[in-house]
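Participant: Just so you know, the protein sequences line up as chains U and D, in that order.
The first sequence begins at 8 in my numbering and counts up one residue at a time.
The second sequence begins at 959 in my numbering and counts up one residue at a time.
Where is the CB? At the ideal position from N, CA and C, for every residue including glycine.
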Amino acid sequence: MSTPILEVSNLSKAYGGVQAVQDVSFVLNAGELLALIGPNGAGKTTCFNMLMGQIKPDSGVIRLKGNDITGRPPQRIWRMGVGRTFQITATFTSMTVRENVQMALINHQHASRRWWKPAAATDVAHADALLGRVGMAEQGDRACSVLAYGDLKRVELAVALANDPDLLLMDEPTAGMAPKERIELMQLAADIVSERGIGVLFTEHDMDVVFAHAHRIMVLNRGCLLAEGAPKSVRANAQVREIYLGSTVRAEVE
Amino acid sequence: MGDFIVTLLTGLSSAAALFLVASGLSIIFGVTRIVNFAHGSFYMLGSYIGVTMVTALGSGGIAYWLALLIAAVAVGVIGVAMEVLLLRRVYQAPELFQLIATFGVILVIQDVTLWIWGPEDIVGPRAPGLSGAVTIFGEKLPEYDLVLIAVSPVVLIGLWLLFNRTRWGTLVRAATLDRQMVAALGVNQRWLFTGVLFLGSALAGLGGAIQLPKGGADLLMDFNIIAAAFVVVVVGGMGSIGGAFLAAMLIGLLQTFGIQIFPNSTLILMFLVMAVVLIFRPWGLLGKPESPGHGPVEAPEAPLRPANRKLRIIGSGVLAFLLMLPVAHLLLPSIIGDFTLVLVVEIMIYVLFAAALHFIMGPGGLVSFGHAAFFGGGAYAAALMVKFTDAPMEIAFWVAPIGAALLAILFGWFCVRLTGVYFAMLTLAFAQIAWAIMFQDAPASVAKALGEWFGWTAVEQITAGDDGILGIWPAEWASSRVTYYYLTVGLVVAGLLVLRRILFAPFGYTLRAGRDSPLRAAAIGIDLKQHQWIAFTISGAFAGLAGALFVYSKGSVFPTSMEIARSFDALLMVLLGGVHSLVGPIVGAATFTWLNDIFNELSYWRFLLGATIIALVLLLPNGLVSLGDTSVGRRLGLGPGREALA
Ligand SMILES: Nc1ncnc2c1ncn2[C@@H]1O[C@H](COP(=O)(O)OP(=O)(O)O)[C@@H](O)[C@H]1O
Ligand SMILES: [Mg+2]
């Protein structure tokens, strides 16, 4: 078997007394759509932040295509082929939708220090193609600051795809979208996975979306991996039903 | 021994006023995120009102302390008036825009104080029953110093109780940590801000009143304390009262001992300490990293668009006017005199300086409080080159931006690791250090020491301190007023176009990307600090070019070209014009220089300038370029300003 895209061993991170992530290990292979689910505060975002270098883990090792990337800064991890979307969208608000994508393309070509040719004229076709892919072709000229939240999420996905990543990390990519849009967006992710053979790790609160698309599911609770496996087996896992689904039910009651 | 102890106690007593002022400043910043430059003016008002009250109430024991208290409350009320009438209206404006509002307040208060109390320094009243001295190890220490030494810890404890034992204090602490949270709690944020302004200003007023028996009252107190107060707040950590206490004691002692050890260096010791602290502790001694998303929510900047037809027409018109002006001068010398050309040259120089500052401040999102270091650095680089090598002007015009860029590379390496107010204060510290090096002619001292060591005969003077470097005149071909005018216009316009070009290119976009979202920037591979460092250097180089134009237009350069006031002028120009527009700094610099020139002749010009600034802040919170967004501007057909004038 070839080297997995992502190999995580014994990852841990504590904030003060709170063990946000504890001893998490897993593997993600090329062509796989892996879901990380768990109640709010389970540690999903903290996991993502460690995977892409936004925060340093207390302990554990992260391997990308066999290379140890633990503790490297996000810029370098991105260069090695990792794209990411954020739970709370992070875009350049003083730029148009197209310019947001162009920025990623410009950096992909190491062209961020060019100082003469206008940025708005570079890679227009490529940027528009990426925007078309996520259904934002019409909105390229709009300012990012005026977009609806669901559209911002789409822009982020287009940006994350700009460096042709081998690994795509999506933290709640469908938050703020209508149910129909959610299904479409995850279908898009699934298409990209099968076309390009990349690996995708995503978190998601909508269980319909998760069970419809994920090849494999991991369940995180209070920082610990509780269960991991095919959707069917996770659905059947009594512990998961009790702790994870139970807490959702409680959350909904509250 | 006795000598040491008495110096120590004197240092601690001189720290009292500093702590009171700085703690007020820190509280105001912590909650409102307003950089209140008028805080020094509140300190000065505390002194003057204190004198008046002591005189009015008579010199009985209780009456004296009551007078100080009344002065503090009165200043607190003045602070509230500033908040309600002025600051409250500009909370939504770009970050630091309130800064120019408070700058206007400084100018107004200066002239009002002059008008009420007159220009003479006032000797402070003696504190009843405390005018004697105690003897410690054979040395005398004024009794009042002991009172001052006790004041700081008492106030510190009082503030601690207020913030930890009362509901209001708990809210203030919560607001300092996270303002959104307080808003979510449904607390009336306005009253919280007003209350904080009262407390902070009253502390400054008390500081001014309580030091009366030692320092009296004079019209320079505001500027003399404000820099030190900011240093204390930043060294301690913005928003931390304990930090302010620690830092005030540190700076107080440093200044007292510093005078004894290095008599010439007190101006600079404080800034050296701040630079060292910020390099090793980027958030001050007891401060915490600023949480992202803290502070007033600004409207997002509009996307950058190439100049539209309207802007092209205005731009061509201005350029044609500039090119035709000397022709008009030659034809009608009685109407358009030498003086007009000199004024336009000065305006153009400041336009380039302001545009250079805007480059790092607007698109870069890094506000520099010390950009005069590069303006003056360029001027000195050119002047020194001419003085020591007789270099021709053409060479000096290259040496200036390169010299300024090298300085920016050095300062920038430390500064770009910081953000926000800490970045601003570190640039200020470096600028002050550069200023002191020129002012005290440190290079000559170094040369002399080296000379003695190696047995050379060293030059007597290098920068010549306060005397400046004289006799730097343009080359023969550029020596006429009209030629130098065209040279200036040409270089400034070229500089503006290059800066603009860079901002439209990937480099400028990358800078803005890092300002908009550092998180996203890193996640698409941008090494933000490196880009900011390069941008800081470019900005420094263009400021240096402006400095070269300046030195040749005046024929001389003095340390004043690097002083704080020069840095702040540039800051005011950018903010006044509109930081979110590429045209803003140009409009701001032209307006500010021109206004300065008009008002300069008049008595009470500070009041007029200050009032004008305040009026502009209130009417055009997005800068002069937003004139088109107002009803007046629309009637004039200027149309939406901010977007169109990108
Ligand atoms: N910067 C931080 N400081 C302190 N605690 C944090 C921080 N970030 C996350 N946490 C804590 O870590 C835990 C996991 O949070 P997070 O990873 O955001 O969970 P999820 O994304 O699964 O909702 C939570 O208890 C949260 O309060
Ligand atoms: Mg999360």
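List, in chain order, every chain U residue whose beta-carbon is nearer than 9 Å to that of T1468(D).
Facilitator: Here residue 1468(D) refers to the residue found at position 510 when the second sequence is read from its first residue. Going along chain U in sequence order, the residues near T1468(D) (Cβ under 9 Å) are M110, I113, N114, S119, R120 and A126.
Participant: Could you tell me how far apart the beta carbons of A1341(D) and V1509(D) are, in whole angstroms, since I believe they sit closer than 8 Å?
Facilitator: Along the second sequence, read from residue 1 onward, the residue named residue 1341(D) stands at position 383. Along the second sequence, read from residue 1 onward, the residue named residue 1509(D) stands at position 551. The pair is a contact, with the Cβ atoms about 5 Å apart (cut-off 8 Å).
Participant: Taking Cβ positions, are L40(U) and C54(U) nearer each other than 8 Å?
Facilitator: Translated into the one-based positions of the first sequence, residue 40(U) becomes position 33. Translated into the one-based positions of the first sequence, residue 54(U) becomes position 47. No; because the gap between Cβ atoms is not below 8 Å, this pair is not in contact.
Participant: I want to see whether chain D comes within less than 8 Å of M102(U), judged by CB atoms only; does it?
Facilitator: One-based indexing of the first sequence puts residue 102(U) at position 95. Judged by the 8 Å Cβ criterion, M102(U) is in contact with chain D.
Participant: Give me the residue from D130(U), A118(U) and V108(U) with the minimum Cα distance to M143(U).
Facilitator: What you label residue 143(U) is simply residue 136 of the first sequence in a count that begins at 1. Checked all of D130(U), A118(U) and V108(U); the closest Cα to M143(U) is V108(U).
Participant: For T1093(D), which three-state DSSP category applies?
Facilitator: Along the second sequence, read from residue 1 onward, the residue named residue 1093(D) stands at position 135. Strand.
Participant: Tell me, to the nearest whole angstrom, how far the beta carbon of L174(U) is from that of L137(U); I am working on the premise that it is less than 8 Å.
Facilitator: As a position in the first sequence, residue 174(U) is number 167, starting the count at 1. As a position in the first sequence, residue 137(U) is number 130, starting the count at 1. With a Cβ gap of about 17 Å, L174(U) and L137(U) do not count as contacting.
Participant: Counting only the same chain and skipping the five closest in sequence on each side, list residues whose C-beta sits under 7 Å from that of W1563(D).
Facilitator: Here residue 1563(D) refers to the residue found at position 605 of the second sequence. Answer for W1563(D): F1557, listed in chain order.
Participant: Can D178(U) be considered in contact with ligand 4, in the sense that its beta carbon sits closer than 7 Å to one or more heavy atoms?
Facilitator: In terms of ligand content, the structure shown lacks ligand 4 and carries ligand 1 and ligand 2 instead.
Participant: For I1484(D), return the contacting residues in chain U, with the cut-off set at a CB-CB distance below 7 Å.
Facilitator: Reading the second sequence from its first residue, position 526 is the one you call residue 1484(D). In chain order: Q82, N114 and S119.
Participant: Select from the stretch 1058-1069 of chain D all residues with a C-beta closer than 9 Å to any C-beta belonging to chain U, and list them in chain order.
Facilitator: Within the stretch 1058-1069 of chain D, no residue qualifies.
Participant: So T990(D) and F1156(D) are in contact, right, with Cβ under 8 Å, and what is the actual spacing, rounded?
Facilitator: As a working note, residue 990(D) is residue 32 in the second sequence. As a working note, residue 1156(D) is residue 198 in the second sequence. T990(D) to F1156(D), Cβ: 12 Å. No contact.
Participant: Would you mind reading off the limits of the beta strand (DSSP E) that contains T210(U)?
Facilitator: For this step, residue 210(U) is matched to residue 203 along the first sequence. That run of the beta strand (DSSP E) goes G206 to T210.
Participant: Please state whether DSSP places Y22(U) in a helix, a strand or coil.
Facilitator: On the first sequence, position 15 is the one that residue 22(U) refers to. DSSP places Y22(U) in strand when its eight states are reduced to three.
Participant: Starting from the Cα of A1471(D), find the closest Cα among S19(U), M177(U), A97(U) and G50(U) and give me that residue.
Facilitator: Here residue 1471(D) refers to the residue found at position 513 when the second sequence is read from its first residue. Minimum Cα distance to A1471(D) is reached at A97(U).
Participant: Expressed to the nearest angstrom, what Euclidean distance is found between the alpha-carbon atoms of R189(U) and L159(U)?
Facilitator: The count along the first sequence starts at 1 and reaches residue 189(U) at position 182. The count along the first sequence starts at 1 and reaches residue 159(U) at position 152. Taking the straight line from one Cα to the other gives about 14 Å.
Participant: Specify whether the stretch 1519-1527 of chain D and the stretch 1322-1336 of chain D touch according to this definition: at least 3 beta carbon pairs, one from each stretch, less than 8 Å apart.
Facilitator: Yes: the two stretches touch, three or more of their Cβ pairs being nearer than 8 Å.
Participant: Determine whether the Cβ of R1478(D) lies closer than 8 Å to any Cβ atom of chain U.
Facilitator: Residue numbering aside, residue 1478(D) sits at position 520 when the second sequence is read from its first letter. So, interface residue.
Participant: Hey, how far is the Cα of R229(U) from the Cα of N47(U)?
Facilitator: Residue mapping note: residue 229(U) aligns to position 222 of the first sequence, counting from 1. Residue mapping note: residue 47(U) aligns to position 40 of the first sequence, counting from 1. Answer to the nearest angstrom: the Cα atoms are 9 Å apart.
Participant: Expressed to the nearest angstrom, what Euclidean distance is found between the alpha-carbon atoms of T181(U) and R1125(D)?
Facilitator: Taking the first residue of the first sequence as position 1, residue 181(U) is located at position 174. Taking the first residue of the second sequence as position 1, residue 1125(D) is located at position 167. Going from the Cα of T181(U) to the Cα of R1125(D) covers about 41 Å.
Participant: Which runs of the alpha helix (DSSP H) spanning at least 4 residues fall entirely within the stretch 1177-1227 of chain D, listed in chain order?
Facilitator: Counting only runs of 4 or more, we get 1179-1194 and 1199-1219.
Participant: Is there a Cβ of chain U sitting closer than 8 Å to that of S1475(D), yes or no?
Facilitator: Numbered from its first residue, the second sequence carries residue 1475(D) at position 517. It does: the Cβ of S1475(D) has a partner Cβ on chain U nearer than 8 Å.
Participant: DSSP on L1603(D), reduced to helix/strand/coil?
Facilitator: In the second sequence, the residue the question calls residue 1603(D) occupies position 645. Note that L1603(D) has pLDDT 42, beneath the 50 cutoff, so the model's placement of it is unreliable and the number below is only indicative. The answer is coil: DSSP assigns L1603(D) none of H, G, I, E or B.
Participant: I1036(D) and M1011(D): beta carbons closer than 8 Å?
Facilitator: Translated into positions along the second sequence, residue 1036(D) becomes position 78. Translated into positions along the second sequence, residue 1011(D) becomes position 53. No, the Cβ-Cβ distance between I1036(D) and M1011(D) is not below 8 Å.
Participant: So is H1252(D) buried or exposed if we call it buried at 16+ other beta carbons inside 10 Å?
Facilitator: For this step, residue 1252(D) is matched to residue 294 along the second sequence. In this prediction, H1252(D) has a pLDDT of 40, which is less than 50 and means its spatial position is unreliable; what the coordinates show is noted afterwards. So H1252(D) counts as exposed.
Participant: Say whether chain D places a C-beta atom closer than 8 Å to the C-beta of A97(U).
Facilitator: Along the first sequence, one-based indexing puts residue 97(U) at 90. Cβ-Cβ to chain D under 8 Å: yes for A97(U).
Participant: Say whether chain D places a C-beta atom closer than 8 Å to the C-beta of F209(U).
Facilitator: Indexing the first sequence from 1 puts residue 209(U) at position 202. Chain D, which has no Cβ nearer than 8 Å to the Cβ of F209(U), makes this no.
Participant: Specify the secondary structure class of L13(U) as computed by DSSP and reduced to three states.
Facilitator: Here residue 13(U) is taken as the residue at index 6 of the first sequence, counted from 1. Of the three classes helix, strand and coil, the one that applies to L13(U) here is strand, per DSSP.
Participant: Using DSSP's beta-bridge definition, name the partner residues of M214(U).
Facilitator: Looking up residue 214(U) in the first sequence gives position 207. Note: M214(U) sits in no beta bridge, so no partner.
Participant: Decide if D1399(D) is buried, meaning its Cβ has at least 16 other Cβ atoms within 10 Å, or exposed.
Facilitator: Walking along the second sequence from the start, residue 1399(D) turns up at place 441. Under this definition D1399(D) is a buried residue.
Participant: Let's test the definition: count the other Cβ atoms within 10 Å of the Cβ of S1089(D) and tell me whether it reaches 16, buried, or not, exposed.
Facilitator: Along the second sequence, one-based indexing puts residue 1089(D) at 131. The residue in question, S1089(D), is exposed, as its Cβ has fewer than 16 Cβ neighbours within 10 Å.
Participant: What does V7(U) reach in chain D if we use C-beta pairs closer than 9 Å?
Facilitator: Lying before the first or after the last residue shown, residue 7(U) is absent from chain U, which here runs from 8 to 261.
Participant: Cβ of T52(U) within 7 Å of any heavy atom in ligand 1?
Facilitator: As a first step, residue 52(U) is located in the first sequence; it is residue number 45 there, counting from the start. Because some heavy atom of ligand 1 lies under 7 Å away, the Cβ of T52(U) counts as near it: yes.
Participant: Taking a cut of 8 Å between CB atoms, which residues from the stretch 1485-1515 of chain D lie near chain U?
Facilitator: The stretch 1485-1515 of chain D vs chain U, Cβ under 8 Å: D1485, H1489 and I1492.
Participant: What do you reckon, is the C-beta of V25(U) under 7 Å from a heavy atom of ligand 1?
Facilitator: The sequence position of residue 25(U) within the first sequence is 18, counting from 1. Answer for V25(U): yes, Cβ within range of ligand 1.
Participant: I want to see whether chain U comes within less than 8 Å of D1555(D), judged by CB atoms only; does it?
Facilitator: Here the question's residue 1555(D) lines up with position 597 in the second sequence. It does not: the Cβ of D1555(D) has no partner Cβ on chain U nearer than 8 Å.
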